[in-house]
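Participant: Residue numbers (this note's numbering): 5 to 107. The structure is given below, and queries will be raised subsequently.
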Ligand SMILES: [Zn+2]
Ligand SMILES: [Zn+2]
């Protein structure tokens, strides 16, 4: 069975994103007229909520929910976070990136 924690760290220590969190809500605007989500900082617009969630951490470092448990570097994008783990901490990447850890 794969481990569900690493060095005493839990999911919340790593800060896996919960997209439904209220923390995102006051940072974008849903425009009914154009049916798009608008970034309240730079005006970026997208019809997909998932895109605005990925976009917002560019302006708000605190929304970078993917945190490296080893060096505490933060990423707004899961793919960048994963590649950081794989390249910098290959010895623990498999454990942290395992499906059990994520569920
Ligand atoms: Zn923006
Ligand atoms: Zn790291």
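C-beta atoms are modelled at their ideal positions from N, C-alpha and C, and glycine is treated no differently.
#1: From the DSSP output, in three-state form, read off residue 68 for me.
#2: Count the other C-beta atoms from every protein chain shown that fall within 10 angstroms of the C-beta of residue 89, then say buried if there are 16 or more, exposed otherwise.
#3: Taking 8 Å as the threshold (C-beta atoms), are residue 64 and residue 53 in contact?
#4: Is the CB of residue 61 under 8 Å away from at least one CB in chain C?
#5: My assumption, with CB atoms under 8 Å, is that residue 39 sits in contact with residue 51. Please give the rounded CB distance.
#6: Taking the C-alpha atoms as reference points, what is the distance between residue 76 and residue 28?
#7: Distance, Cα to Cα, residue 102 vs residue 72?
Facilitator: On the basis of the supplied data:
#1: The DSSP-derived three-state label of residue 68 is coil.
#2: buried
#3: no
#4: This model lacks chain C altogether, as it is built from one protein chain only.
#5: 6 Å
#6: Straight-line Cα distance between these residues: approximately 21 Å.
#7: 15 Å
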